[in-house]
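A short write-up of the structure that comes next.
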Amino acid sequence: MLKPSFFFNKHFKVFIYNPTVLFHSFIYVSISLFILYRISVNVIIFRRKHEVSLGDKGHEDLERRIRAQGNFTEFVPIFLISLIGLEWIGSIKEIPYYLIYIHLIGIIFILGRLFHIKGMYDGSIFFRR
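Just add 406 to the spot in the sequence shown (first one is 1) and you have the working numbering.
Quick look at the structure:
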């Protein structure tokens, strides 16, 4: 029987022998999907409350929620693609402690997004007069 290394180069063997590759970044993908679900439901609730189907019809609280959802969907996909790429490169190049960096970056980004959503909902912006 032929060994897998006969068919694949040394970089592709990471996916064959290490099933945990890219597992850690997908934790943040699932957290982001849950957050997106929650803020989308929040927008739906406020649209029903104000009986608005398109736009915000001048309701500031609805506008804030729509923009929080829009901002989330604008920035999160690029970040998650970058995080997956970082984890993939870290696993291939065998960078020491790369998982610590992945989790540190992921946690900081998720907390930043949550604080941003909270600030958008409340209208309170830190460090602004």
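All C-beta atoms in this analysis are idealised placements derived from N, C-alpha and C, irrespective of residue type, glycine included.
| Item | Value |
| --- | --- |
| Run through DSSP, which three-state label would Glu457 get? | coil |
| Taking only three categories from DSSP, how would you classify Phe515? | helix |
| Quick check on the DSSP output: the alpha helix (DSSP H) that includes Gly491 runs from which residue to which? | 466-498 |
| Whose C-beta lies closer than 7 Å to the C-beta of Ile514 among residues of the same chain, with five residues either side of it excluded? | none |
| What does the Cβ neighbour count give for Gly364, buried or exposed, with the cut at 16 atoms within 10 Å? | For the chain, the structure presents residues 407 to 535; residue 364 sits outside this window and is missing. |
| Between the alpha carbons of Ile495 and Leu517, how many angstroms are there, rounded? | 24 Å |
| Taking only three categories from DSSP, how would you classify Gly529? | coil |
| Determine, using beta carbons only, whether Glu500 and Ser431 come nearer to each other than 7 Å. | no |
| So is Ile451 buried or exposed if we call it buried at 16+ other beta carbons inside 10 Å? | exposed |
| Could you tell me the distance, in whole angstroms, from the CA atom of Arg471 to the CA atom of Phe521? | 14 Å |
| To the nearest angstrom, report how far apart Leu489 and Ile508 are at their CA atoms. | 7 Å |
| Secondary structure at Lys524, three-state DSSP: helix, strand or coil? | helix |
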